[in-house]
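**Q** Starting off with a structure, shown below.
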Amino acid sequence: MATDRLIGGRLGEYQVMSLLGSGGMAEVYRGYDPALEREVAIKVIHTGSQSPDFIDRFRREARVIASLRHPNVVQVYQFGEQDDFIYMVQELLPGPTLAQRIRRAGKRGTAQSRISSTLEQLSKALDYAHSQGITHRDVKPSNALYNVHDELVLTDFGIARVTTDATQTTTGPGIIMGTPGYIAPEQAISSASITPACDIYALGVVLFELLTGRLPFEGETPMDVVLQHLYDDPPAPRKFRTDMPEAASKVVLRALAKEPEKRYGSAGALVEAFTAAWPLEGATAKRSASSATTVSRPTTNRKPSSQASANKSSGTTRTRKSSTDDLPPTRPQPAVPIKKVAVNEHPAVQAPPSAIKPRATRAAAPSPATPPPPAKHRASWRRVLGLLIFCLVGVLILAGYELQTQAVSHGLTQLWESYGPTALPELPISR
175 MATDRLIGGR
185 LGEYQVMSLL
195 GSGGMAEVYR
205 GYDPALEREV
215 AIKVIHTGSQ
225 SPDFIDRFRR
235 EARVIASLRH
245 PNVVQVYQFG
255 EQDDFIYMVQ
265 ELLPGPTLAQ
275 RIRRAGKRGT
285 AQSRISSTLE
295 QLSKALDYAH
305 SQGITHRDVK
315 PSNALYNVHD
325 ELVLTDFGIA
335 RVTTDATQTT
345 TGPGIIMGTP
355 GYIAPEQAIS
365 SASITPACDI
375 YALGVVLFEL
385 LTGRLPFEGE
395 TPMDVVLQHL
405 YDDPPAPRKF
415 RTDMPEAASK
425 VVLRALAKEP
435 EKRYGSAGAL
445 VEAFTAAWPL
455 EGATAKRSAS
465 SATTVSRPTT
475 NRKPSSQASA
485 NKSSGTTRTR
495 KSSTDDLPPT
505 RPQPAVPIKK
515 VAVNEHPAVQ
525 APPSAIKPRA
535 TRAAAPSPAT
545 PPPPAKHRAS
555 WRRVLGLLIF
565 CLVGVLILAG
575 YELQTQAVSH
585 GLTQLWESYG
595 PTALPELPIS
605 R
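According to this note's numbering, the residues represented by the sequence shown are 175 to 605, in order.
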């Protein structure tokens, strides 16, 4: 390739590093901006091998993109000429292209969530360009690339039509400006009838391809495809993708209407209609959950009664009213009773219902203390007790007066004879 000699050299202040891709009329190189220390994309054409009309379109493309400032539209940094080359420096988009992702999805079609985000980003780029008086005229998946943030960026404004450009002329008979698979019927007839509705039609084709993995019209030759866009009705996308609702299929068919006035008035209106016809399942579930929360909010503060919790935990169904049932309804009742103080410390405080054991599981009451002995045994105990007391008193007296052992022995003997078992019954003891 003749332009391979650019690799390793410079175009203006930019270093040409490697070839990214090439087409029939231009090549795109990876470049480096040493002043700002960033990589760029450099689109180059060789003036000696191109017609003056194409060179004019290339210059016009640079002016068009330079006038647009939108996150979903490719940005132009510089335009220049050097030797027999004309180059345009743009932001570097690492890709992939939307066309590559569609091919990767295959005939099963792109996931619904991916379709929604893709359609939304393309619609924003188109609506902004239309607001600036610019019709792209070549909207297709290969002209949309993803940046480093996985955001879709619309590129290649080479055949864009600027309504405010008085120097722009229409194409002659037999010359079609656009890609056959995505071209609107009026665009295939004459460039004089170009309006933003052409981009809406092309966006509808892209949506059809996202859903089904195929184009609505396919033929053996490009002209065969163009004629189908002119005269044939497109098939319903639901024929190839049965999981989509009928309403969403009708949205696509309206975007592919032959008459421009029957299509949606803007790309944003197309997105809004499609989203309403086939909302994301996550968004629907989120709205449903929000509604359920709003409806049930007044009842979430109603806690089950403490007695019900106690009965549930014990497995019984008996009903017993406790003091907590008399509390005002505005006072929240804890689901699990919390014992703050011991019941025995405050006899006036009733034990929580959970502390009341069910009748079926209540432990048997402890047996009372040992009953007093019968009356016939009381006298014997009192006799022994009295004898011990007298003996103790006698010992203390003898110890206090330092009496002799014989005296102690004699005293105890006398004590026993006087108050022994024969005498004790005569004492006034209650029987």
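The beta carbon of each residue, even a glycine, is placed where N, CA and C say it ideally should be.
How would you call M418, buried or exposed, if buried means at least 16 neighbouring beta carbons within 10 angstroms?
**A** Here the question's residue 418 lines up with position 244 in the sequence shown. Per the 10 Å Cβ criterion, buried.
**Q** Using a Cβ-Cβ cutoff of less than 8 Å, which residues in the same chain neighbour Y438 once the five nearest sequence positions on both sides are dropped?
**A** Working through the sequence shown from its first residue, we reach residue 438 at position 264. Correct list, in chain order: I374, R428, A429, L444 and A447.
**Q** What did DSSP end up calling A421 once you bin it into helix, strand or coil?
**A** Stepping through the sequence shown from its first residue, residue 421 is reached at position 247. Helix.
**Q** Could you compute how far the alpha carbon of V400 sits from the alpha carbon of D330?
**A** Looking up residue 400 in the sequence shown gives position 226. Looking up residue 330 in the sequence shown gives position 156. Approximately 21 Å, taken between the alpha carbons.
**Q** Just confirm the distance between the C-beta atoms of K314 and T353, as a whole number of angstroms; I'd bet it's less than 8 Å.
**A** What you label residue 314 is simply residue 140 of the sequence shown in a count that begins at 1. What you label residue 353 is simply residue 179 of the sequence shown in a count that begins at 1. At roughly 5 Å, the Cβ-Cβ gap stays under 8 Å, so K314 and T353 are in contact.
**Q** Just to confirm the assignment, what range does the alpha helix (DSSP H) spanning D373 have?
**A** Translated into positions along the sequence shown, residue 373 becomes position 199. Run containing D373: P370 to T386, per the alpha helix (DSSP H) assignment.
**Q** Can you name, in chain order, every residue of its own chain whose Cβ lies under 8 Å from the Cβ of R184, other than the five neighbours on each side?
**A** As a first step, residue 184 must be located in the sequence shown, where it is residue number 10. The answer, listed in chain order, is V190.
**Q** Going by the CB atoms, is the gap between A441 and L377 shorter than 7 Å?
**A** Mapped onto the sequence shown, residue 377 falls at position 203. Mapped onto the sequence shown, residue 441 falls at position 267. Yes, the Cβ-Cβ distance between L377 and A441 is below 7 Å.
**Q** Do you know whose CA, among E433, Q274, K217 and S423, lies nearest T449's CA?
**A** Here residue 449 is taken as the residue at index 275 of the sequence shown, counted from 1. Selected option, being the one with the closest Cα: S423.
**Q** At what residue ranges does the region 285–348 contain a whole run of the beta strand (DSSP E), taking only runs of 3 or more?
**A** DSSP runs (the beta strand (DSSP E)) wholly in the region 285–348: 318–320 and 326–328.
**Q** Between H310 and A318, which are expected to be in contact by the criterion C-beta below 8 Å, what is the C-beta distance as a whole number of angstroms?
**A** As a first step, residue 310 must be located in the sequence shown, where it is residue number 136. As a first step, residue 318 must be located in the sequence shown, where it is residue number 144. That pair is no contact at about 11 Å.
**Q** Is the region 249–265 touching the region 206–221 in the sense that three or more CB pairs, one from each, lie closer than 8 Å?
**A** Contact between the region 206–221 and the region 249–265 is present, because at least three Cβ pairs lie under 8 Å.
**Q** Starting from H220, follow the beta strand (DSSP E) in both directions and report where the run begins and ends.
**A** In the sequence shown, residue 220 corresponds to position 46, counting from 1. H220 -> beta strand (DSSP E) spans R212 to H220.
**Q** Just to confirm my understanding: we take R231, look at its own chain, exclude 5 residues before and 5 after, and list those with CB closer than 7 Å. What are they?
**A** Residue numbering aside, residue 231 sits at position 57 when the sequence shown is read from its first letter. If we look at R231 and ignore the five residues flanking it on each side, its Cβ neighbours are G332 and I333.
**Q** Assuming contact is defined by CB atoms lying nearer than 7 Å, are V327 and V248 in contact in what I supplied?
**A** For the purposes of this step, residue 327 is taken as residue 153 along the sequence shown, with counting starting at 1. For the purposes of this step, residue 248 is taken as residue 74 along the sequence shown, with counting starting at 1. Taking 7 Å as the Cβ cut-off, V327 and V248 qualify as a contacting pair.
**Q** Look up E230 in the DSSP assignment and say whether it is helix, strand or coil.
**A** By one-based count along the sequence shown, residue 230 stands at place 56. Residue identity check: residue 230 is Asp in the sequence provided, not Glu. Three-state result, D230: helix.
**Q** Could you give the distance in angstroms between the alpha-carbon of A200 and the alpha-carbon of L242?
**A** In the sequence shown, counting from the first residue as 1, residue 200 sits at position 26. In the sequence shown, counting from the first residue as 1, residue 242 sits at position 68. Cα-Cα distance, rounded: 22 Å.
**Q** With a threshold of 16 other CB atoms inside 10 Å of the CB of R237, please say whether the residue is buried or exposed.
**A** The count along the sequence shown starts at 1 and reaches residue 237 at position 63. Exposed is the call here.
**Q** Which same chain residues end up closer than 8 Å to D178 when comparing Cβ atoms and leaving out the 5 residues on each side of it in sequence?
**A** Counted from its first residue, the sequence shown places residue 178 at position 4. Contacts found: L193.
**Q** Start and end of the beta strand (DSSP E) containing I260?
**A** Numbered from its first residue, the sequence shown carries residue 260 at position 86. Residues F259 to E265.
**Q** Quick one: give me the first and last residue of the alpha helix (DSSP H) that E446 is part of.
**A** What you label residue 446 is simply residue 272 of the sequence shown in a count that begins at 1. From DSSP, the alpha helix (DSSP H) with E446 extends over A441 to A451.
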